[in-house]
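S.K.: Protein chains in written order, with this note's numbering: chain A, 52 to 607; chain B, 7 to 174.
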Amino acid sequence: MNIEQVLAQAEQLLAAWNKETIHPESNRLDVVIVADDLRAAVIALHDAHWGYLSAITGLDLGTASAQLEALYHFCNGPAVASLRVRLPRDQAILPSIADIIPPASFFERELQEMLGFTFSGLNISARLFLSDDWPENVYPLRADFTLDQAAPVAVRQPDKLPEQGFVGGNTFVIPIGPQHPALKEPGHFEFTVDGEIVTAARMRLGYAHRGIEKAAESRNWIQNLYLFERICGICSHTHAMAYSIGVEKLAQVEIPARAQAIRELVAGLERIHSHLLWLGVTAHEAGFDTLFMYSWRDRETVMNLLEQITGNRVNYSANLLGGVKCDIGLEQAKAIKEGITYLETRIRHYLEVVTTDTMFLNRTRNIGTITFAEAENFGLLGPTARASGITRDVRIEAPYGAYTRFPVSVVTETKGDLEARCVVRLKELLVTCLAIRTIVDNLPEGPLTARMPRKIPAGETISRIEAPRGELLYFIKSNGGETPARVHIRTPSLCNWVSVLEKAVGRQLADVPMLIAGMDPCFSCNDRVVTVRHTGSNENWSWKQLREYGIEYYKR
Amino acid sequence: MNANEQVWTKVINQVRTWARMNSIWAVHFNSGSCNGCDIEILATLTPRYDVERFGIKLEGSPRHADVLIVTGPVTRQARERLIRTYEQMPEPKFVISVGACSISGGVFEGCYNCVGSVDDVIPVDVFIPGCPPRPEAVIDGIVQLLTELKGGKARAPQKQNVPEEIAA
């Protein structure tokens, strides 16, 4: 089926509730519906297995119209169908669809906090992104929000931090986070345990919430490129690339083939650095520090290449609106090929290690298994989904940039356990190495940049990219000015969280570190972990101790 | 204190400084960073840069740490946790603020959920600029701290803008 047929199918499915149809771009279909029909429309798409819910974007249409709009983006291959619901500001009540599509609860909570939508049936009022001392009824993404509406940071209340574990009834809550000894972003988890078994899991994000989407509205198109690079230091190129591709689509600028190829090349190198980083972290959580050190040593090869090409190890700034900043000369090409050859042998070695090392397999085989059906239901993305047999990869489904010219093949596994996730990621690296070599050998000639206008024409666009962790979605709206009217970013980790929370329940506490690391989330952890033994004595545990406990547990 | 005791105290302090200089334990706190600085800090611990050979070790618990390494602008939600982490560390304690965001807010200056720089919240001893700083820069920052320690710096300076709870 081609895109038109797929979109026609969606239009047919939604015909009963359709108030207005818009085709903003060749691969998109916008269907305007009313709030009461939302559930029926979502069920129609869901039951027909028409794609998956990729994101919900909330828009404030300005104080003059006093309306809010919610856009439910369903992606099916390259086709995107959006359900648009307009509501008056003071009566922005939508039915929740979290019972039909579990990951929607995160999207709905985001809209609830940021724009002041109300979701009937969601019944979660706890904050996910904004700080605990954020004033009620102040929504940062509304058009009329000003900084002074958010009251100054509250006086300290040392005994009222929500992270503290408590004993109540038969449950004991183990708080993990938000401070982690070594790695990544802060997040906070609460695992309710009955002895060794986790019976419930809850999480709180927002420790690293900076308010980037709002900040983007006050910065011009070029400044934003550098802002979005700093959303995540691990996949900074992917963010800048998704944004650039979106803006170029709006401005209807076709960037030169050489620039596209270099973008894919840097994205490939970034994937190698990200996956090797992940391999090290996972090995560390399993108590396999040798693998951690080896994989990080080899990661330095990629860091060297990135530095040689772009001039920086992290936040490379390879992208420009309309092209790229850096060229690949003979010297770089030689270095890349040498580096890739070395890495390929190392990756093959790691593949052997993660599939044969008995100690490591004890921690990964048949643990945290997500079946195909569950993965579909959770709406998983990226390698986590592919390990369960879902062929969901934007690079293949909806090739962008140079991926049409230098395609990659999709890697899937069927088992869905932690071992499969290791294997998928490592095999993906071999595929990436192959693609990088092909690009270096067949780099198209030509300029590096195309001319971009300073003001971007009015319009809306969706740009989807396969980041190392899964599909990254940018929704960009322009009013024709020098700054964007709205940029909505849905990162892959947000969709994959559901699986961590669902899969931890029923497992041993000892598996929790590996389960969390296995999803490759962007998070960070722990200050102390409190545990209760069957004897009832309470102890304070650090994340390190929990990790060691996990290692000891599996020695038995 | 008689002359004998004074000599004794001096010797003890010298031994302490010597010990401290050769085994710096650091705790890392991400107060809203983009991960860029965090992965570079981690890279300084791994084989290529390997700061563990100087006795520098990343420690999970603030209660065992000498140095607090903070990355990122301080977000509203992380502020209280940063102060608590700082408070839990035993004296003498030192703070290294890594990256442009932790020094001035960086690109996130003026964002609604950012309180400001690390310096606004807790006293800082060493600033390491860069976005993110290279591992060599991180090592240089730690060396600067060590040099100051060698020169007899006993504890972090108390600053005016420190909240009362910490200054006490």
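Even glycine gets a Cβ: it sits at the ideal position worked out from N, Cα and C.
Quantities reported herein were computed from a predicted structural model and do not represent experimental measurements.
Using the Cα positions of B/Y55 and B/I148, report the straight-line distance between them to the nearest angstrom.
M.R.: Sequence index remark: in the second sequence, residue 55 of chain B carries index 49 (1-based). Sequence index remark: in the second sequence, residue 148 of chain B carries index 142 (1-based). Near 13 Å, if we compare the C-alpha coordinates of B/I148 and B/Y55.
S.K.: Flag A/Q215 as yes if its beta-carbon sits less than 8 Å from any beta-carbon of chain B, otherwise no.
M.R.: The count along the first sequence starts at 1 and reaches residue 215 of chain A at position 164. The predicted model places A/Q215 with a pLDDT of 49, which falls under 50 and marks its position as unreliable; any figure quoted below should be read in that light. With 8 Å as the cut-off, A/Q215 does not count as an interface residue toward chain B.
S.K.: Enumerate in chain order the residues of its own chain whose CB-to-CB distance from A/R90 is below 8 Å, with the five nearest sequence positions on each side excluded.
M.R.: In the first sequence, the residue the question calls residue 90 of chain A occupies position 39. Around A/R90: P146, I148 and I151.
S.K.: Does the region 309-317 of chain A touch the region 524-541 of chain A, meaning 3 or more C-beta pairs lie closer than 8 Å?
M.R.: The region 524-541 of chain A vs the region 309-317 of chain A: no contact.
S.K.: Just reading off the beta strand (DSSP E) that A/E71 is part of, what are its end residues?
M.R.: Looking up residue 71 of chain A in the first sequence gives position 20. Its beta strand (DSSP E) spans residues E71 to I73.
S.K.: So does the region 93-108 of chain A actually touch the region 118-135 of chain A, counting three or more Cβ pairs closer than 8 Å?
M.R.: Judged by Cβ distances under 8 Å, the region 93-108 of chain A makes contact with the region 118-135 of chain A, as three or more pairs qualify.
S.K.: Could you list which residues in chain B have their beta carbon closer than 8 Å to that of A/D30, in chain order?
M.R.: The question about residue 30 of chain A has no answer, for chain A in this structure spans 52 to 607.
S.K.: Does the beta-carbon of A/T289 have 16 or more other beta-carbons within 10 angstroms, so that it is buried, or is it exposed?
M.R.: On the first sequence, position 238 is the one that residue 289 of chain A refers to. By the 10 Å Cβ count, A/T289 comes out buried.
S.K.: Pull out every residue of the region 111-140 of chain B whose Cβ sits closer than 8 Å to any Cβ of chain A, in chain order.
M.R.: Per Cβ criterion, the list reads G112, V113, F114, G116, C117, Y118, N119, C120, V121, C137, P138 and R140.
S.K.: Would you call A/S529 buried or exposed, if buried means 16 or more other Cβ atoms sit within 10 Å of its Cβ?
M.R.: Locating residue 529 of chain A in the first sequence gives position 478, counting from the first residue. So A/S529 counts as buried.
S.K.: Give the residues from the region 341-368 of chain A that approach chain B closer than 7 Å (Cβ to any Cβ), ordered along the chain.
M.R.: The region 341-368 of chain A vs chain B, Cβ under 7 Å: M344, W347, R348, E351, R364, V365 and N366.
S.K.: Could you give the DSSP three-state label for B/V168: helix, strand or coil?
M.R.: Here the question's residue 168 of chain B lines up with position 162 in the second sequence. For B/V168, the predicted model reports a pLDDT of 47, less than 50, meaning its position is unreliable and no value from the coordinates is stated.
S.K.: How long is the line joining the alpha carbons of A/S544 and A/R520, rounded to whole angstroms?
M.R.: Sequence index remark: in the first sequence, residue 544 of chain A carries index 493 (1-based). Sequence index remark: in the first sequence, residue 520 of chain A carries index 469 (1-based). The alpha-carbon atoms of A/S544 and A/R520 are separated by roughly 7 Å.
S.K.: Distance check for A/G373 and A/C126, CA to CA, integer angstroms please.
M.R.: Here residue 126 of chain A is taken as the residue at index 75 of the first sequence, counted from 1. Here residue 373 of chain A is taken as the residue at index 322 of the first sequence, counted from 1. Approximately 26 Å between the Cα atoms of the pair.
S.K.: Please go through the same chain and pick out, in chain order, the residues whose beta-carbon is closer than 6 Å to the beta-carbon of A/K211, but skip the five residues on each side of it.
M.R.: Counting from 1 along the first sequence, the entry for residue 211 of chain A is found at position 160. Low confidence applies here, because A/K211 scores a pLDDT of 49, under 50, leaving its location unreliable; read the following figure in that light. Answer for A/K211: no residue qualifies.
S.K.: Measure how close the beta-carbons of B/C43 and B/G66 come, nearest whole angstrom, since I'm counting them as under 8 Å.
M.R.: Start at 1 with the first residue of the second sequence, and residue 43 of chain B comes out as number 37. Start at 1 with the first residue of the second sequence, and residue 66 of chain B comes out as number 60. Wrong, their Cβ atoms sit about 18 Å apart, outside the cutoff.
S.K.: Identify the contact partners of A/P191 in chain B, using a Cβ-Cβ distance below 7 Å as the criterion.
M.R.: Within the first sequence, the letter at position 140 stands for residue 191 of chain A. The contacting residues are Y118.
S.K.: Please confirm whether A/G380 and A/T352 have their CB atoms less than 8 Å apart.
M.R.: Locating residue 380 of chain A in the first sequence gives position 329, where the first residue counts as 1. Locating residue 352 of chain A in the first sequence gives position 301, where the first residue counts as 1. Not in contact: A/G380 and A/T352 (Cβ atoms no closer than 8 Å).
S.K.: Report yes or no: do three or more beta-carbon pairs, one from the region 270-284 of chain A and one from the region 353-369 of chain A, lie closer than 8 Å?
M.R.: Taking 8 Å as the limit for Cβ pairs, the verdict is that the region 353-369 of chain A does touch the region 270-284 of chain A.
S.K.: Along the region 510-525 of chain A, what residues have a CB closer than 9 Å to any CB found in chain B?
M.R.: Correct list: empty, as no residue qualifies.
S.K.: Would you call the region 448-462 of chain A and the region 479-496 of chain A in contact, with 3 or more CB pairs under 8 Å?
M.R.: Taking 8 Å as the limit for Cβ pairs, the verdict is that the region 479-496 of chain A does touch the region 448-462 of chain A.
S.K.: From what residue to what residue does the alpha helix (DSSP H) around A/T442 run?
M.R.: Numbered from its first residue, the first sequence carries residue 442 of chain A at position 391. Element bounds for A/T442: n/a, residue is neither H nor E.
S.K.: Measuring alpha carbon to alpha carbon, tell me which of A/C286, A/T409 and A/Y401 ends up nearest A/L342.
M.R.: Position 291 of the first sequence holds residue 342 of chain A. A/L342 has its Cα closest to that of A/Y401, out of A/C286, A/T409 and A/Y401.
S.K.: Going by DSSP, what residue range makes up the beta strand (DSSP E) through A/R255?
M.R.: Residue numbering aside, residue 255 of chain A sits at position 204 when the first sequence is read from its first letter. Run containing A/R255: I248 to R255, per the beta strand (DSSP E) assignment.
S.K.: Are the region 177-190 of chain A and the region 256-267 of chain A touching by the rule of at least three beta carbon pairs closer than 8 Å?
M.R.: Contact between the region 177-190 of chain A and the region 256-267 of chain A is present, because at least three Cβ pairs lie under 8 Å.
S.K.: At the level of alpha carbons, what is the spacing between A/R437 and A/R541?
M.R.: For the purposes of this step, residue 437 of chain A is taken as residue 386 along the first sequence, with counting starting at 1. For the purposes of this step, residue 541 of chain A is taken as residue 490 along the first sequence, with counting starting at 1. Cα to Cα, A/R437 sits roughly 19 Å from A/R541.
S.K.: Please list, in chain order, the chain A residues whose beta carbon lies closer than 8 Å to that of B/T50.
M.R.: Counting from 1 along the second sequence, the entry for residue 50 of chain B is found at position 44. None at all; the shortest Cβ gap to chain A is about 11 Å.
S.K.: By Cβ distance below 7 Å, which residues in the same chain neighbour A/P495 in space, the five residues on each side in sequence not counted?
M.R.: Within the first sequence, numbered from 1, the residue matching residue 495 of chain A stands at position 444. Cβ neighbours of A/P495 beyond the five flanking positions: A308, R309 and A312.
S.K.: For A/I540, decide whether its Cβ has a neighbour in chain B, counting only Cβ atoms nearer than 8 Å.
M.R.: As a working mapping, residue 540 of chain A is identified with position 489 in the first sequence. No, A/I540 lies away from the interface with chain B (no Cβ there is under 8 Å from its Cβ).
S.K.: Could you name the residues of the region 252-267 of chain A whose beta carbon sits closer than 8 Å to any beta carbon of chain B, in the order they occur along the chain?
M.R.: Going along the region 252-267 of chain A in chain order, one finds G257, Y258, A259, H260, R261, G262, I263, K265 and A266 with a Cβ nearer than 8 Å to chain B.
S.K.: Determine whether the Cβ of A/L494 lies closer than 8 Å to any Cβ atom of chain B.
M.R.: Against the first sequence, residue 494 of chain A aligns to sequence position 443. A/L494 does not count as touching chain B.
S.K.: For the 8 Å Cβ check, are there 3 or more pairs between the region 327-344 of chain A and the region 261-274 of chain A?
M.R.: No: fewer than three Cβ pairs fall under 8 Å.
S.K.: Applying a beta-carbon distance threshold of less than 9 Å, which residues of chain A neighbour B/P53?
M.R.: As a first step, residue 53 of chain B is located in the second sequence; it is residue number 47 there, counting from the start. Residues of chain A passing the Cβ test: M344, Y345, W347, R348 and E351.
S.K.: Rounded to whole angstroms, how far is the Cβ of A/E161 from the Cβ of A/F170, which I believe are closer than 8 Å?
M.R.: On the first sequence, position 110 is the one that residue 161 of chain A refers to. On the first sequence, position 119 is the one that residue 170 of chain A refers to. Actually they are not in contact, since the Cβ atoms of A/E161 and A/F170 sit about 11 Å apart, beyond 8 Å.
S.K.: Is the number of C-beta pairs between the region 90-97 of chain B and the region 47-61 of chain B that are closer than 8 Å three or more?
M.R.: Segments in contact, no.
S.K.: Thinking C-alpha only, which one of A/L166, A/V549 and A/N69 is nearest A/A143?
M.R.: To locate residue 143 of chain A, count along the first sequence from 1; it is residue 92. A/A143 has its Cα closest to that of A/L166, out of A/L166, A/V549 and A/N69.
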